[in-house]
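Quick notes on the structure that follows.
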Amino acid sequence: MPDVILPDSLAVMLLAFRECFTAPSFRNFTLIVAGWLHCLGRRTMTAVALASGGVGNQHISVFHRFFSRATWTLDSAGRVLFRLALKWVPDDEPLYLPLDDTLARKGGKCVALASIHHDPLLSTRKKPFFSFGHCWVVLSLWVPLPMFGTGFALPVLFRLYVGRKRGGEKDAPSQRKNRTRLRRARRAFMEAQFHTKLQLAREMAGLLASWAPERQVYVVCDSAYAGRAMLENRPANVHIISRLRMDAALYALPPTRGKGQRGRTRRRGQRLPTPKRTAAHTKRWRRLEVSLYGRHVTTLITERTALWYVALRDASVKIVIVRDPKGHRLDEAFFCTDNRVDAAFILEGFARRWCLEVTFHDSKQFLGFEDPQNQTEKAVRRTAPMACIVYDLVVLWYAEHVTGRCRPGWLSLPWYPRKTKPSFADMLTAARRAGWRLYVSDPSLGARRRRKPLVHWHEAVLATA
């Protein structure tokens, strides 16, 4: 283990990643994690290298080559993170996988794989807004941590969504006769390289489900990911919880084939009212008490089972239509591909998706998810997810210490007298203080020990005053 500014318990946790790297790459990985943890400014590779304390021992190009050339994959690191986080999920509970995408805004001309994407934070209903940057599709594992009274969405798998390229280079004069053939070949190549967000999400969900084939997995996503590419041909242990459009076309199950009936078997039954019409004509609503976003609320619901043929052609879905008793919110509809669950399971499961939004905020605000500027494609696909990996390590390290004997304290601010739970900023500060205390307070090595006796820093300051 290299001499890095990390707490011993966090350094031991990093040993689980040895299988993902070669020996030199693992040393660089520990330095980068330490630098990412202690960097107080923008997370550029130069700033991370300086904060790690390894610039004097290794060349600066080593840190850049770790992301652009080293032999390792994000999926292997995600599998280790999944194993570390899985022990906090009880064996008798299903796995919730919040899924969403986030935009990392960029500026500059030499950023690889960057393009124009829809910016949901700056857009309004009347006027959409677009920004230049990278769009990341992230699949996380929801981990309940009772000591904090809430759960955390720990990112595990990452995919960079690269928009479809349009246009192409002009054909040379000698190739004008083969212009149609060349255009078709270019179009076929671009289609083979292009993957939609739903295809990327489907790939990640299938990969993570293969890591725990004996567990029931519920992917919690927004309505943008509730499409045919995501719902159909799923693994047997994967189900989807998402929002349903209020104007969704619903059908009854197909009738059984009669004796002597000719023609093909019907794929769907009669057309049913949309969720919007169902909510408008329903007079008897059932009251349900659920825990949503950390609060116990009472809502009105009505349930039904129907076939959403546009997105899922071979199975029905469980639909829950929700109405606010106070009338402050519009009616909403949610669905789950598992018909055995109840309404409370669907609503509480969908509410866990918000934890991933909190993770995106903390990763960008405190760990510089948007800061790296890379000019090679391989480095782009690896560097930004390192912020989420450090986020997972900090949360798991703090949870390990809270349950153990050594409890890292967090600074109690007098202007927050009712604050009883630490935020991620408090966890990050506790990890930094533990690393600084170990690095500053421990005696130096025998080869580096000076003949002159050491003086405490506060005594030296008083002597020079």
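Per the working numbering, residue 190 is the first one in the sequence shown, and the count goes up by one each step.
Ideal placement from N, C-alpha and C gives every residue a C-beta, glycine not left out.
Computed from a predicted model, the values in this text were never measured in an experiment.
* Are residue 563 and residue 205 close, meaning C-beta to C-beta below 8 Å? -> The sequence position of residue 563 within the sequence shown is 374, counting from 1. The sequence position of residue 205 within the sequence shown is 16, counting from 1. It is not a contact, given that the beta carbons lie outside the stated cut-off.
* Unbroken beta strand (DSSP E) run spanning residue 485, endpoints -> In the sequence shown, the residue the question calls residue 485 occupies position 296. Here the beta strand (DSSP E) through residue 485 covers 484 to 495.
* To do: Pull up the DSSP beta-bridge partners for residue 211, would you.
  => Working through the sequence shown from its first residue, we reach residue 211 at position 22. BP columns for residue 211 are empty, so no partner.
* 8 Å Cβ shell around residue 559 - same chain, five flanking residues per side excluded -> As a first step, residue 559 must be located in the sequence shown, where it is residue number 370. Only residues of its own chain outside the window of five on either side were considered, and among them 293, 294, 295, 322, 553, 573 have a CB closer than 8 Å to the CB of residue 559, listed in chain order.
* Please report the residue range of the alpha helix (DSSP H) in which residue 535 lies. => The sequence position of residue 535 within the sequence shown is 346, counting from 1. Taken as a continuous stretch (DSSP letters only), the alpha helix (DSSP H) holding residue 535 covers 532 to 540.
* Per the contact definition of three or more C-beta pairs closer than 8 Å, is the region 567 to 587 in contact with the region 193 to 204? -> Result yes; three or more Cβ-Cβ pairs closer than 8 Å.
* Do residue 481 and residue 537 have their C-beta atoms within less than 8 Å of each other? -> Along the sequence shown, one-based indexing puts residue 481 at 292. Along the sequence shown, one-based indexing puts residue 537 at 348. Judged by their CB atoms, residue 481 and residue 537 are nearer to each other than the 8 Å cut-off.
* In chain order, each alpha helix (DSSP H) run of at least 4 residues that lies wholly inside the region 406 to 470 -> Runs of alpha helix (DSSP H) with 4 or more residues, each lying fully within the region 406 to 470, are found at 417 to 420, 464 to 470, listed in chain order.
* At which residues does the beta strand (DSSP E) containing residue 285 begin and terminate? -> The residue labelled residue 285 in the question sits at position 96 within the sequence shown. Counting along the chain, the beta strand (DSSP E) containing residue 285 begins and ends at 284 to 294.
* To do: Report the rounded CA-to-CA distance for residue 587 versus residue 225, giving the unit in angstroms.
  => One-based indexing of the sequence shown puts residue 587 at position 398. One-based indexing of the sequence shown puts residue 225 at position 36. So the alpha carbons of these two residues sit roughly 17 Å apart.
* Asked: Which value, in whole angstroms, describes the spacing of the CA atoms of residue 507 and residue 241?
  -> Along the sequence shown, read from residue 1 onward, the residue named residue 507 stands at position 318. Along the sequence shown, read from residue 1 onward, the residue named residue 241 stands at position 52. Their backbone Cα atoms lie some 51 Å apart in a straight line.
* To do: May I have the straight-line CA-CA distance separating residue 515 from residue 452, to the nearest angstrom?
  => For this step, residue 515 is matched to residue 326 along the sequence shown. For this step, residue 452 is matched to residue 263 along the sequence shown. Straight-line Cα distance between these residues: approximately 51 Å.
* Answer with buried or exposed for residue 491, where buried requires no fewer than 16 other C-beta atoms within 10 angstroms of its C-beta. => Along the sequence shown, read from residue 1 onward, the residue named residue 491 stands at position 302. Result: buried.
* DSSP-derived helix/strand/coil call for residue 364 -> Looking up residue 364 in the sequence shown gives position 175. Any reading at residue 364 needs caution, since the residue's pLDDT is 45, under 50, leaving its predicted position unreliable; the model's value is listed next. Residue state, collapsed to three classes: helix.
* residue 263: first and last residue of the uninterrupted alpha helix (DSSP H) it sits in -> Within the sequence shown, residue 263 is the residue found at index 74, counting from 1. Unbroken alpha helix (DSSP H) run through residue 263: 263 to 275.
* To do: Return the bridge partner residues of residue 522 from the DSSP annotation.
  => As a position in the sequence shown, residue 522 is number 333, starting the count at 1. Answer by DSSP bridge pairing, in chain order: 433, 510.
* Asked: Considering residue 344, what are the terminal residues of the beta strand (DSSP E) in which it resides?
  -> Taking the sequence shown and counting its residues from 1, one reaches residue 344 at position 155. Residues 339 to 350.
* **Nonlocal neighbours in the same chain, by C-beta distance under 8 Å from residue 608, ignoring five residues either side** => Here residue 608 refers to the residue found at position 419 when the sequence shown is read from its first residue. Taken in chain order, the residues that qualify are 601, 602.
* To do: Flag this pair as yes or no: are the beta carbons of residue 222 and residue 203 separated by less than 8 Å?
  => To locate residue 222, count along the sequence shown from 1; it is residue 33. To locate residue 203, count along the sequence shown from 1; it is residue 14. Yes.
* Just how far apart, CA to CA, sit residue 359 and residue 352? -> Here the question's residue 359 lines up with position 170 in the sequence shown. Here the question's residue 352 lines up with position 163 in the sequence shown. Confidence at residue 359 is low in this model, with a pLDDT of 42, below 50, so its placement is unreliable and the value that follows should be read with caution. The alpha-carbon of residue 359 is positioned some 21 Å away from that of residue 352.
* With a threshold of 7 Å, establish whether the CB of residue 328 neighbours any heavy atom of the ligand GDP. => Of the ligands one can find in the structure shown there are none, so the ligand GDP has no counterpart to examine.
* Which first and last residues belong to the beta strand (DSSP E) in which residue 305 is found? -> Residue numbering aside, residue 305 sits at position 116 when the sequence shown is read from its first letter. Counting along the chain, the beta strand (DSSP E) containing residue 305 begins and ends at 304 to 307.
* **Supposed contact pair residue 545 and residue 287 - C-beta distance, whole angstroms, cut 8 Å** => Here residue 287 is taken as the residue at index 98 of the sequence shown, counted from 1. Here residue 545 is taken as the residue at index 356 of the sequence shown, counted from 1. Residue 287 to residue 545, Cβ: 4 Å. Contact.
* Taking only the alpha-carbon atoms, compute the straight-line gap between residue 457 and residue 524 and give it to the nearest angstrom. => Within the sequence shown, residue 457 is the residue found at index 268, counting from 1. Within the sequence shown, residue 524 is the residue found at index 335, counting from 1. Cα-Cα distance, rounded: 18 Å.
* To do: Indicate whether residue 419 and residue 390 have their beta-carbon atoms separated by less than 8 Å.
  => For this step, residue 419 is matched to residue 230 along the sequence shown. For this step, residue 390 is matched to residue 201 along the sequence shown. Their beta carbons are under 8 Å apart, which means residue 419 touches residue 390 by this criterion.
* Uninterrupted alpha helix (DSSP H) stretches inside the region 539 to 594 (no shorter than 4 residues) -> Within the region 539 to 594, the runs of alpha helix (DSSP H) at least 4 residues long that lie entirely inside it are, in chain order, 543 to 555, 566 to 572, 574 to 592.
* So what's residue 222 in DSSP terms, helix, strand or just coil? -> Position 33 of the sequence shown, counting from 1, holds the residue named residue 222. The answer is helix: DSSP assigns residue 222 an H, G or I state.
* **Coil, strand or helix - residue 202 by DSSP** => Here residue 202 refers to the residue found at position 13 when the sequence shown is read from its first residue. The DSSP-derived three-state label of residue 202 is helix.
* To do: Spell out the partners DSSP gives residue 319 in its beta bridges.
  => Counted from its first residue, the sequence shown places residue 319 at position 130. For residue 319, which the question treats as bridged, DSSP gives the partners 307.
* **Buried/exposed call for residue 439, threshold 16 Cβ in 10 Å** => Numbered from 1 along the sequence shown, position 250 holds the residue referred to as residue 439. That one is buried.
* Asked: Is the beta carbon of residue 220 less than 8 Å from the beta carbon of residue 245?
  -> Here residue 220 corresponds to residue number 31 of the sequence shown, with the count starting at 1. Here residue 245 corresponds to residue number 56 of the sequence shown, with the count starting at 1. For residue 220 and residue 245, no; Cβs fall outside 8 Å.
* Asked: If we count the other Cβ atoms within 10 Å of its Cβ and call it buried at 16 or more, is residue 551 buried or exposed?
  -> In the sequence shown, residue 551 corresponds to position 362, counting from 1. Buried.
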